[in-house]
Amino acid sequence: MYTDPIADYLTRVRNAVKANHRVVEIPASNLKKEITKILFDQGYILSYKFDDKSTTQGAIKIALKYNKDTKESVIKKIQRISKPGLRKYAGANEMPRILNGLGIAIVSTSHGVMTGKQAQRENVGGEVLCYVY
Numbered sequence: 014m015y016t017d018p019i020a021d022y023l024t025r026v027r028n029a030v031k032a033n034h035r036v037v038e039i040p041a042s043n044l045k046k047e048i049t050k051i052l053f054d055q056g057y058i059l060s061y062k063f064d065d066k067s068t069t070q071g072a073i074k075i076a077l078k079y080n081k082d083t084k085e086s087v088i089k090k091i092q093r094i095s096k097p098g099l100r101k102y103a104g105a106n107e108m109p110r111i112l113n114g115l116g117i118a119i120v121s122t123s124h125g126v127m128t129g130k131q132a133q134r135e136n137v138g139g140e141v142l143c144y145v146y
């Protein structure tokens with residue numbers, strides 16, 4: 014058993030990108046499903062599928078996205094920010110900008126999981142889960 018499921022999720026994606034895998038399978042949870050939806054909406058992954066029949070908790074299959082010409086991954090870096098030992102929170106007007114707006118911060122708010130830009134628009138703060146660029 015691992016203590017930080019979000020860090021495990023990010024590490025599995027990071028390892029699959031480094032190994033140039035096309036698909037990565039991750040144990041599912043509601044928070045991981047929301048993060049996956051955000052990665053898809055922002056264009057960092059090609060597609061995803063929630064497989065609820067494989068195990069009791071289910072699984073998420075993520076098809077990673079690569080550049081057609083250079084065969085480089087679209088995800089350059091995916092980094093955990095708020096950890097179980099040290100939580101990082103940001104208010105609505107102090108959301109971090111990643112690579113001058115080229116990357117995204119994924120934030121868990123009282124209105125659900127969303128990007129930092131969405132949280133600013135909705136004027137809510139929350140826990141900064143990770144950075145993706």
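For what it's worth, our numbering labels the leading residue of the sequence shown as 14, then goes sequentially.
Just so you know, even glycine gets a beta-carbon here, dropped at the ideal spot from N, CA and C.
TODO: Drop a sphere of 10 angstroms on the beta-carbon of V36, count the other beta-carbons inside from all chains shown, and report buried for 16 or more, exposed for fewer.
DONE: exposed
TODO: Report the residue from G138, Q92, M127 and I58 whose alpha carbon sits nearest the alpha carbon of D21.
DONE: Q92
Open item on the list: As an exercise, report each continuous beta strand (DSSP E) stretch of at least 3 residues that is fully enclosed by the stretch 68-101, in chain order.
Closed with: 72-77 and 91-93
Open item on the list: Counting C-beta neighbours from all protein chains within 10 Å, is the total for L45 16 or more, i.e. buried, or is it exposed?
Closed with: Note that residue 45 is Lys in the sequence shown, not Leu. Result: buried.
Task: Run of the beta strand (DSSP E) containing I119, from where it starts to where it stops - done: It spans I117 to T122 - the beta strand (DSSP E) in which I119 sits, taken as one unbroken run.
TODO: On a CA-only basis, which of T16, I48 and H34 is nearest K142? Give me that one, please.
DONE: In the sequence under discussion, the amino acid at residue 142 is Leu, which differs from the Lys named in the question. The shortest C-alpha separation from L142 is found at I48.
TODO: Answer with buried or exposed for L77, where buried requires no fewer than 16 other C-beta atoms within 10 angstroms of its C-beta.
DONE: buried
TODO: Would you kindly check if the distance between the Cβ of I19 and the Cβ of A41 is under 9 Å?
DONE: no
Task: Beta-carbon gap between M138 and V126 smaller than 9 Å - done: Residue 138 is actually Gly in this sequence, not Met. Going by C-beta atoms, G138 is not nearer than 9 Å to V126.
Task: L23 burial status per 10 Å Cβ neighbour count (16 or more: buried) - done: Buried: at least 16 other Cβ atoms inside 10 Å.
Open item on the list: Distance check for A105 and N28, CA to CA, integer angstroms please.
Closed with: 32 Å
Task: Pairwise C-alpha distance: L112 and D54 - done: 19 Å
TODO: Can you give me the Cβ contacts of K31 inside the same chain, cut-off strictly under 8 Å, excluding the 5 residues immediately before and after it?
DONE: none
Open item on the list: Pull the bridge partners of T128 from the DSSP assignment, please.
Closed with: Beta-bridge pairing by DSSP links T128 to I119.
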